[in-house]
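Student: This is the structure I have questions about; it appears just below.
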Amino acid sequence: MRDRLRALEPDFWRAPSAHNTQPWTLTYAGDEAVIGWDPSRALPISDPTGRDLRLSLGAFVECCLIVCADAGLSVGFRPDPGPGRAGVLHAAARPYATPFRTADVRDRGTNRGAYHPGRLPDGLVAELAGVRRLACRDLADLLYAADLHQFADRDVTRELRAWLRLTRRHRRYLLDGLTDRALALGRAEAAGLRASLALYPALRPLGLPRALAAASRGLLDHDGDVLVLVGPVEDELGMGRVLMRHWLTLSRHGYAAHPLSQIIDCDPTRRELAGRLGIADPRTLLHVARVGRPVAPAARSARTRA
Numbered sequence: 011m012r013d014r015l016r017a018l019e020p021d022f023w024r025a026p027s028a029h030n031t032q033p034w035t036l037t038y039a040g041d042e043a044v045i046g047w048d049p050s051r052a053l054p055i056s057d058p059t060g061r062d063l064r065l066s067l068g069a070f071v072e073c074c075l076i077v078c079a080d081a082g083l084s085v086g087f088r089p090d091p092g093p094g095r096a097g098v099l100h101a102a103a104r105p106y107a108t109p110f111r112t113a114d115v116r117d118r119g120t121n122r123g124a125y126h127p128g129r130l131p132d133g134l135v136a137e138l139a140g141v142r143r144l145a146c147r148d149l150a151d152l153l154y155a156a157d158l159h160q161f162a163d164r165d166v167t168r169e170l171r172a173w174l175r176l177t178r179r180h181r182r183y184l185l186d187g188l189t190d191r192a193l194a195l196g197r198a199e200a201a202g203l204r205a206s207l208a209l210y211p212a213l214r215p216l217g218l219p220r221a222l223a224a225a226s227r228g229l230l231d232h233d234g235d236v237l238v239l240v241g242p243v244e245d246e247l248g249m250g251r252v253l254m255r256h257w258l259t260l261s262r263h264g265y266a267a268h269p270l271s272q273i274i275d276c277d278p279t280r281r282e283l284a285g286r287l288g289i290a291d292p293r294t295l296l297h298v299a300r301v302g303r304p305v306a307p308a309a310r311s312a313r314t315r316a
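First residue of the sequence shown: 11, per the working numbering; consecutive thereafter.
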């Protein structure tokens, strides 16, 4: 089974991850494969609790099982958390039961560009377990506050900059991180952002964080939806699998998602969002994304295994 799994790895790697870090690892031992993560691809500053890491690993698990099932392989997953590991892919009695195919995994993507105005159909939202829906404009103030908080933090901004690929001359442009194309930036916009971040120490006291936060003001200034995933903190890996199924469902219906989880990375905006949703424990807010029908297709994100 090892050779067949290795052949499928490029599709396993189409799972989403924060900043496109692709933190997962696969280590083969007999007929099993241990799913772990590379600490150098975690985000210890902006994701100190590991929430995004565990969601990404869950999404990776779901991708693996879907792709294996589509290839006719009977593969299951056994959670086995430990230092640097999440669980094990193992031989199963039958293929994983899923409505999705490898083509769905390949078609899904993040789209940070413009969306057509319009709300999601109620019936579609009802298919997405654990999701709360808000109008885009109702969260514009929280997005601005969260972005301002993020860009005002030297360490968070430094970590983000390490994963930005704003010029095609970057040595890792075709491998990982957030490219100018994935961020839907034009050449001049990418050059401006690159220059601003390079001069961050000098420009920060002059109001650079406010200028960077203002750049995203228009993201939620339209008739659309933001979806918030709510679930148990103790099962973030499992909720990552749920999130992956949500994204595949949306993609099948012609919708795309743009993560805005900086809103729940900032404690004040996270508490405010929980209050607006009537949720007692802000920690159970696991993921935030604007969702809609994109005006144009997004650039395919880079992968270390293609």
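We put the beta carbon where it would ideally sit given N, CA and C, even for glycine.
Counting only runs that start and end within the stretch 210-288, where is the beta strand (DSSP E) found for 3 or more residues in a row?
Tutor: Within the stretch 210-288, the complete beta strand (DSSP E) runs of at least 3 residues are 235-240, 266-269.
Student: Excluding the 5 residues preceding and the 5 following threonine 259 in the sequence, name in chain order all residues of the same chain whose CB lies nearer than 7 Å to its CB.
Tutor: Cβ neighbours of threonine 259 beyond the five flanking positions: Glu137, Leu138.
Student: Whose CA, out of Tyr183, Val240, Asp235, lies closest to the CA of tyrosine 265?
Tutor: The shortest Cα separation from tyrosine 265 among Tyr183, Val240, Asp235 belongs to Asp235.
Student: Along the chain, where does the alpha helix (DSSP H) that runs through arginine 14 open and close?
Tutor: Taken as a continuous stretch (DSSP letters only), the alpha helix (DSSP H) holding arginine 14 covers 12-22.
Student: Beta strand (DSSP E) containing tyrosine 106: first to last residue?
Tutor: Unbroken run through tyrosine 106: none, as it is neither H nor E.
Student: Report the option in Arg164, Glu246, Val166, Ala201 whose CA atom is closest to the CA atom of arginine 175.
Tutor: Nearest option by C-alpha distance: Ala201.
Student: My understanding is that glycine 97 touches proline 89, with C-beta atoms under 8 Å, so please give their C-beta distance in whole angstroms.
Tutor: Contact holds; Cβ gap of about 4 Å.
Student: From the DSSP output, in three-state form, read off proline 292 for me.
Tutor: Helix.
Student: Would you mind sorting histidine 263 into buried or exposed? The rule is 16 or more other CB atoms within 10 Å of its CB.
Tutor: Flag for histidine 263 reads exposed.
Student: Just verifying my parser: in three-state terms, what is the DSSP assignment at aspartate 48?
Tutor: In this structure, aspartate 48 counts as coil in the three-state DSSP scheme.
Student: Decide if proline 219 is buried, meaning its Cβ has at least 16 other Cβ atoms within 10 Å, or exposed.
Tutor: Looking at its Cβ environment, which holds 16 or more other Cβ atoms inside 10 Å, proline 219 is buried.
Student: Alpha carbon to alpha carbon, how far is aspartate 165 from proline 54?
Tutor: Looking at the two C-alpha atoms, the distance is approximately 10 Å.
Student: If you run the structure through DSSP and keep just helix, strand and coil, what is threonine 112?
Tutor: Reduced to three states, the DSSP call for threonine 112 is helix.
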